[in-house]
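In what follows, a structure is listed as structure tokens, so that the remarks can point back to it.
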Amino acid sequence: MLRNVSRLALRSNFARQAVMGQRFYSVARPDAEKRIAAVLESFDKISNPAAITPTASFAKDLNLDSLDTVEVVVAIEEEFGIEIPDKEADEIKSVNQAVEYILAQPDAK
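Numbering (our numbering), first residue to last: 42 to 150.
And the structure:
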């Protein structure tokens with residue numbers, strides 16, 4: 042009887058994991074922050090690389106206009122091997138928002 046109960050428990054736990062899946066984070070926060078900072082540092086329109094901080098706003102702190110921000114988002118897409126939908130890309134306006142978006146993407150590399 043105990044064997045049957047344990048089998049049932051193992052099966053249900055296995056079934057639960059199979060249905061719910063497991064979340065594997067492919068990019069850690071420090072790695073995402075460093076890689077996004079590197080993307081921004083390579084962007085020639087940023088005159089002061091020291092202004093690139095986790096809390097930096099693309100427009101206010103880095104003096105990027107809307108087209109520059111689009112170029113940065115495209116560079117971030119290329120860096121992490123993902124595609125960011127336009128609606129979501131429009132919401133990324135700071136380094137921290139970019140990092141948070143990348144961390145939320147299970148397919149980011």
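Note that beta-carbon positions come from the ideal geometry of N, C-alpha and C, so glycine has one too.
Pairwise C-beta distances place the region 84-95 out of contact with the region 117-126, as fewer than three of them are shorter than 8 Å. The beta carbon of V114 lies closer than 8 Å to those of I125, A130, I133, A139 in the same chain, with the five residues before and after it left out. For the pair S67 and K150, the CB atoms are nearer than the 9 Å cut-off. With respect to the 9 Å criterion, T96 and V136 are classified as neighbours on the basis of their beta carbons. The three-state secondary structure of S67, taken from DSSP, is coil. A direct Cα-Cα distance of roughly 13 Å separates D106 from D85. Between the beta-carbon of A73 and that of L144 there is about 6 Å, and that keeps the pair under the 8 Å contact cut.
Shown here for I77: same chain residues with a beta carbon closer than 8 Å to its own, the five before and five after excluded, namely I117, E120, V136, A139, V140, I143 in chain order. In the DSSP annotation of this structure, the continuous segment of the alpha helix (DSSP H) that includes K128 starts and ends at 127-130. Within a 10 Å sphere around the beta-carbon of L108 sit fewer than 16 other beta-carbons, which makes this residue exposed.
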